[in-house]
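To keep things clear, I will list the structure first and then write my remarks on it.
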Amino acid sequence: MDFRCGHDGLAAKVQEMIRLDPFSGAAFVFRSKRADRIKILVWDRTGLVLVHKRLEGCKFVWPTIADEVMRMSPAMFAALFEGLDWRLVRPEEARRPQVAG
2 MDFRCGHDGL AAKVQEMIRL DPFSGAAFVF RSKRADRIKI LVWDRTGLVL VHKRLEGCKF
62 VWPTIADEVM RMSPAMFAAL FEGLDWRLVR PEEARRPQVA G
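Position in the sequence shown (from 1) plus 1 gives the number in my numbering.
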């Protein structure tokens, strides 16, 4: 991905390359070739927000991606953003109640 892209360029890539809606409210994360920078694009219902983060002295752990799209839980995303190995995060699954009350 060309890391010179801004809001509109990334939104167009989301629509054209991965065929998703950049205005859905989902966060779209893009990584640089060197894996030391990420860009996050999200629609917040008032406009496109673009966050650019560069790690100093380390690289983002990046998954093997099938079909160019990967889904992450909020906890996994938080770990990725902090530069941690997000693969070690195991969200606890809440059990669905059988009865109310």
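Cβ atoms here follow ideal geometry from the backbone N, Cα and C, with glycine treated the same way.
ask   = Any idea which residues DSSP pairs Leu-42 with across the strands?
value = Phe-29 and Leu-51
message = Could you check whether Pro-92 and Ala-76 sit closer than 8 Å to each other, using their CB atoms as the reference points?
response = yes
query = What did DSSP end up calling Glu-17 once you bin it into helix, strand or coil?
reply = helix
request  = Would you mind sorting Pro-64 into buried or exposed? The rule is 16 or more other CB atoms within 10 Å of its CB.
outcome  = exposed
ask   = DSSP on Gly-10, reduced to helix/strand/coil?
value = helix
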